[in-house]
Each structure stands twice: as structure tokens, then as C-alpha cells.
Amino acid sequence: MTMSQLGRHGLSLLFVTILSVSMIGCGDPQETQKQGNSGVTSLSNQMLPSGSMPDGVYWGDLHVHSRLSMDSFSFGNRMMTADDAFKFAKGEPVEAHTGDIAQLRKPLDFLLVSDHAEFLGVIASIMDRKHGIETTALGKRWSGWLEDNNIQSIINEWVGSFDADTSSPDAKPKIEYPDEAFFKGVWGEMVETAERHNDPGKFSAFSGYEWTSMIDGDNMHRVVIFRDGAEKTLGAIPVSSTENSDPEYLWERLEAYENQTGGEVLAIPHNSNLSEGRMYSSERVSGTIFDTKYAKTRIRWEPVLEMTQVKGDSETHPLLSPDDPFADFERWDETDINSNVIPDDKKIEVYTGSYARPALKTGLAMEESLGVNPFKFGMIGSTDSHTVMATADSDNYYGKFVDSEPSPERLMSKMGGILWNNRMLTAAGYAAVWAEENSREAIFDAIKRKEVFATTGPRIVLRFFGGWDFENADLELPDYATQGYKRGVPMGGDLTGSDLAVQSSKNLSPRFIITASKDPDGANLDRAQIVKGWLDDDGSLHEKVFNVAWSGPRTLDNVSGGLAPVGSTVNVAKASYTNTIGAENLATVWRDPEFVPSLRAFYYVRVLEIPTPRWTTYDAQRFNLDLPDDIPVSIQERVYSSPIWFTPAVN
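Counting from 1, one number per residue, gives the positions in the sequence shown under my numbering.
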């Protein structure tokens, strides 16, 4: 059985075998009386079929663009289609724009081609003379510009349409917009392509799109994913932010789809790091504060965040988490998505509404006042590739835009010649899902219950359970994951203080099972950490990072809880590393030593690899280039679990 096959079957037997190795550096939980699970409630467990426990981890990408997206086409993707995207994800070779043959080292299990709803397929259809668009005034004008190779005029009109104030129901786009019949034709082709590639049990091909709201240059984008097949999704038409840029309008349209078809659909925010504080602001787009109805509606439609991808990592920021030595990772934080510089005196405010960790903390405070947590989200990664190639491997990186495909020029070139430096692009990321089977339904349901985790690229298999009576001995059980479900909750779940024991025992604290196994084709693991956030009695919000399992003979600092760096084997000149440090597996049961049963809290796991070359270092070696000084030569790739939340008992 291969390591990837072990990952598909819960890793139970694996961790029994490697327990003595993986427990290096792991502290035993303090002994307490075993308690029942009457205080354990979980949306995760409630949504699972009776007797069902997910034993398969599936890897995929829910954010890829083809030539049907305006930006993809205008930045050079004139030929690669959704069909190519699905083929590439399934491990088939495709010809890149450079003429090179591109292929994943390991195929993915699922994919969503999420082309932008705004002007969906317009420019590609004009070139192909399809769906009648070439006979419209817009089609004739853009067709002439295409013939003259004047793509910039098309870009100017398209980008200008996003500057219109569409948050008002009476707002009109600045340029002509194709009619509904056109978009039905394009959408029908998209759905048909997904249906053709969907192969339950082997590969899941989702239908969906991206809703691309831009408010004053601030990223408010959402990927929309359907659970359903063509019999229902053909009844939908992608919702465009040119109709209305307020997410509440999108949610209304998604609700209308479900009511009309009986289907299911979700929205996934991404690039909160480029939202200039809007994505997780405490105000609605209208400027009013949240109320309970809004909070319920938001978390109903947006249960997860895409928090790592090509345009940076959205976990946290060094200014917000100064005590976290790993907070400074793949940052895009000096400007918004329109390259507007963020003033120094606004950075704390802006970043607080732009990153996942502070948003999770804000959600605790909102739940205290509203009774509902609108920011109770899980975490995934995806690529946001605009070449159709869902590529997230630093050493096999095919780029995310046509001009960032492999070449000696890409380190010093800019996207579209005028935007970001291509060397800033992040190789991340993928979504990992714990599900009963590889099907659209099972994967969608896992996303909805938040039993998912984000990876910057490596396929590290991560398990995370919370409960009250877990012990290290549980890791020796061949069915430790089964015990995790029976006696606790998985990532994305909820622990509550309703258990009388929590109220009566000062020694009882939540206990967490954490197991991680390295990517069989990748680097060893440095450490596993639990990130905790909590709301204090006085309304203040706090966070702390605990090192809970690690490789090698290192010990925690008695005062700070810090852990010495694992070291580095990276050879920059050769763009190589060795697995002579780190561990293949990490496993522990950790008890929160600072638990207060009256305080709301969340916990999520972050697992770090040992240092490896960044994709730019591989490029420098491959093309015999000097590395620019403004990018790191190595990084520590990572995975992030969805949180487990603790809610105190109601007095």
C-alpha cells in the first residue's frame, strides 16, 4: 500500500506503527477523569449519514480559470479551455503556451473551473464567432480591436465596468452587457464540459463560476460551487457583480436557485488579504452594522475561506501576530488588488479585516453579542490559476498566468507587463477534503461541514479531533480516527460547555488528537502547532500559538513555549534539500493548559515542513539566473486545518 493509499484510509494503521517515532517532542496530556461526550456537538457529525465516518482524504482545486475568463484571455490565454483544465487535473499532459508539455506529478481528485461571471465567455466567443455575440454593438467594436490586436482597449472597457457603483439596485454598467440568452449558451457549454469529465469514485468535476465584486479596488471575490449535476445547474445563470456588487445580492440569487431547483450551492471568499479590510469588516457593504439575520445568512452561504493561493497567504500578518515567528509568509500586503498603497496608519485596521486569524477572533466577539458567529469558517487552498493548469508544486511550477509560465524571463517580468512582479506569485495551493467517497455530493458536503484543510501545495495528510477524554494511548488504537468521531468532533466541529463536568471540574480541558504525515514525494515535517484564539471576560481578543509536536531532540522554552528552528538543508545553488532533518510523521494528544470554560475559543492546526527551495530558487538554478534580493530563497510549506470551536454553557 502506498502512502497516498494510506491517506485515503484514515492513516490509523500507519500511526500505530510509527507512534514511537512520531511522539518525539510531544507532551502527554495531564491525567483527568474520563468524561462522556454529552457536551460534544458538531455540525460535522450531524451532517454525516448514519454510521458514516470519512476515511478518505481527497485533493483538489476549486479555483481555476480558462480562456472564458476575461482576464485570462486578455493576459494571453487564447487557446486553453475548461476541457484542458480537467485533463490536466486528472494527470494528463497538456501543451502550455510556451510549447512545453506540462503534467502534474500526481493527479488531483476534484476540480472546479471557476471562470469569471462578469463578461463570461464574451471575448472568446467574439473570436470564435459563437452565440451571436459578434453581431452586437459590443461584439462588433471588440471584434475590430481584436483584429487590430488592440487588446488594451478591450481591457480598458472591461476594467472600467468594475468602477461602476453597482451596490444600488438602480445602477447600470458603464458599457453594454450581453443578454441572458448569450450567457445561457456559454454556461451550457461549461456545465456540459464538467459533466463529461465527472467520474464518480474516480474524479469529481464541479460546475461553478467566480463572482468578481470589486468595491473601490477592494477584492470581494467569491467562487460559487454547485453540488448538483446538469439537470439542476442548467437552470442557473452565473450571477455577475455588474448587476450588484453587494454579496447579499449574490446570496439572494443563490437562495433563489436552491428554492427553484432543490439543488445546493455555496460561495467561497478568497484573497481576503487584498480586500483592504472589507472581507471581514464588522460593517455590511451598505455601511450598517451586522445583525443576527445577516450573521446567519452569511455563514449559511460561506462556510469556508480560500486562504492561500497565487496572490498570497491570508492566515495572518506580522503586525497582527508579532509573537508568531511564522506569521511572515508569502505576504501581498502593501497594496490592494488595484495596486493602491495602504497608508502606514491604516495598516492595523485594514489587516484586521483582511486575514483569517483576526477574522476568526472577531467572530467570537460577534457571537457573544449577536448569538451567531458570521465568521465561523473553515479553510481551504486553491490555485487561482489563469492558465487552466492547477499547479501548486514549487519544484514543478507551471505558473498561474501565461507570462508566468516557465521561462528565463519570468523572474524579472510583470503580469501583463504592468502589474505585479511575477516573482511575487505564490505557488499555492490546494484544498484537502475528508469525505466518504470521491463524488461531488460527498466533497460538497465535507466543505459545507468544514471538514477540510488548506495546503500551500504539499499533500500532507492531517487529522484533527477535539474532545474531552482523549489520551495518548488512543493513538495506539487501529481505529483512532473512529474514536475521534465517536468521542469527539473533527476539524470544523464544535465543542460546548453543556457537559456538567466542564462546569464542575476545574481540571477538565479540551483534548485534541493531531496526526500529520508528510507528502510522500515531499519534505519532512518540522512541527505541528495549535493556534488558539479566545474572547476574554472584558471583551478583549487574544491569540496564542502552541508548539505541540515536533521533530528531533528539541525542547520547549520554559517561559515562552518557543521551539528552536529545525535547521535547513537547502542548497541554494543546486536548488535542492535533503530529508536528513525533520520527521515523516507527527502525532500527539494535546490538552489546553490555559483553558477557561467560561470563555469562547477556537483552535486550528498549522503543520510546517522543513525549509525547501521556493519556486523562484528552482527557476534560478534551471535557467542559470541570479536571484532577486526581494524574495526568500526558501520557505516552509504548510497546511492549515479548519478550526474546532468551543462555546461555553449558557448560564
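Glycine included, every Cβ here is placed at the ideal spot set by N, Cα and C.
Report buried or exposed for residue i, applying the criterion of at least 16 other Cβ atoms within 10 angstroms of its Cβ.
i    : result
R449 : buried
T578 : exposed
N198 : buried
S279 : Correcting the residue identity first, residue 279 is Met in this sequence and not Ser. By the neighbour-count rule (16 or more Cβ atoms within 10 Å), M279 is buried.
V461 : buried
K346 : exposed
Q30  : Confidence in Q30 is poor, its pLDDT being 34 and thus under 50, which makes the residue's placement too unreliable to answer from.
Q260 : exposed
P653 : The chain is shown from 1 up to 651; residue 653 falls before or after that span and cannot be answered.
S598 : exposed
I101 : exposed
S642 : buried
S50  : Bear in mind that the predicted position of S50 carries a pLDDT of just 48, short of 50, making it too unreliable to give a figure here.
R511 : buried
A528 : buried
G60  : buried
P247 : buried
N524 : buried
G429 : buried
T292 : exposed
I418 : exposed
I289 : exposed
D630 : exposed
V21  : Note that V21 scores a pLDDT of 36, beneath 50, so its modelled location is shaky; the value from the coordinates is reported in the next line. Classification of V21: exposed, given that the 10 Å Cβ count is below 16.
Y398 : buried
Got a sec, what are the start and stop residues for the beta strand (DSSP E) residue i sits in?
i    : result
L62  : 56-64
M307 : 304-309
P490 : 488-490
F110 : 110-113
S204 : 204-206
I133 : Taken as a continuous stretch (DSSP letters only), I133 belongs to no beta strand (DSSP E), as it is neither H nor E.
Between which two residues does the alpha helix (DSSP H) holding residue i run?
i    : result
E189 : 180-197
F623 : 615-623
W251 : 247-261
R440 : 440-448
F86  : 82-89
T233 : 230-233
K347 : 347-352
D71  : 70-74
Round the Cβ separation of residue i and residue j to the nearest angstrom and send it over; I've been treating them as touching at under 8 Å.
i    : j    : result
A392 : A427 : 6 Å
L62  : A89  : L62 to A89, Cβ: 11 Å. No contact.
S498 : A649 : 5 Å
M80  : T387 : 6 Å
L320 : Y355 : 6 Å
E437 : G56  : 7 Å
S143 : E134 : 6 Å
T362 : S282 : 7 Å
R105 : N396 : 6 Å
L625 : P406 : About 12 Å; that fails the 8 Å criterion.
G262 : S439 : Not a contact, Cβ separation roughly 18 Å.
F444 : R253 : 18 Å between Cβ atoms; not a contact.
Name the DSSP bridge partner or partners of residue i?
i    : result
R463 : T515
T496 : T647
M379 : L305
R530 : Per the sequence shown, the amino acid found at residue 530 is Ile instead of Arg. Answer by DSSP bridge pairing, in chain order: F546, V605.
V372 : DSSP lists no partner for V372.
M214 : N219
D313 : T308
I101 : E95
S634 : P613
Y430 : T455
T588 : I514
A226 : The sequence shown places Phe at residue 226, rather than the Ala named in the question. Paired residue(s): V265.
L477 : DSSP lists no partner for L477.
V341 : T335
E283 : I289
Nearest chain B C-beta to residue i closer than 9 Å, yes or no?
i   : result
P93 : Judged by its chain identifiers, the structure shown contains no chain B, having just a single protein chain.
May I ask whether a heavy atom of the ligand FMN can be found less than 8 Å away from the beta carbon of residue i?
i    : result
Q529 : The ligand content of the structure shown is nil, which means the ligand FMN is not present either.
| field | Segment contact, 8 Å Cβ cut-off, at least three pairs: the region 358-372 with the region 63-74 | value | Below 8 Å, too few C-beta pairs join the region 358-372 and the region 63-74 to call them touching: fewer than three.
| message | Assess contact between the region 109-120 and the region 207-214, defined as three or more Cβ pairs (one per stretch) separated by less than 8 Å. Is contact present? | response | For the pair of segments examined, the region 109-120 was found to touch the region 207-214: the number of CB pairs separated by less than 8 Å reaches three.
| said: Could you check whether the region 94-101 touches the region 238-245, counting it as contact only if at least three pairs of C-beta atoms, one from each stretch, sit closer than 8 Å? | reply: As far as the Cβ criterion goes, the region 94-101 does not touch the region 238-245, which means the pair count is below three.
| message | Assess contact between the region 382-401 and the region 447-462, defined as three or more Cβ pairs (one per stretch) separated by less than 8 Å. Is contact present? | response | Yes, the region 382-401 is in contact with the region 447-462.
| field | Meets three-Cβ-pair contact criterion under 8 Å: the region 523-537 and the region 485-498 | value | No: the two stretches stay apart, fewer than three of their Cβ pairs being nearer than 8 Å.
| Is the region 508-526 touching the region 583-592, taking contact as three or more C-beta pairs under 8 Å? | Yes: the two stretches touch, three or more of their Cβ pairs being nearer than 8 Å.
| said: Quick test of the definition: if touching needs 3 or more C-beta pairs under 8 Å, does the region 616-631 touch the region 462-482? | reply: No contact exists between the region 616-631 and the region 462-482.
| the region 633-642 / the region 550-557 touching (three or more Cβ pairs under 8 Å) | Judged by Cβ distances under 8 Å, the region 633-642 makes no contact with the region 550-557, as fewer than three pairs qualify.
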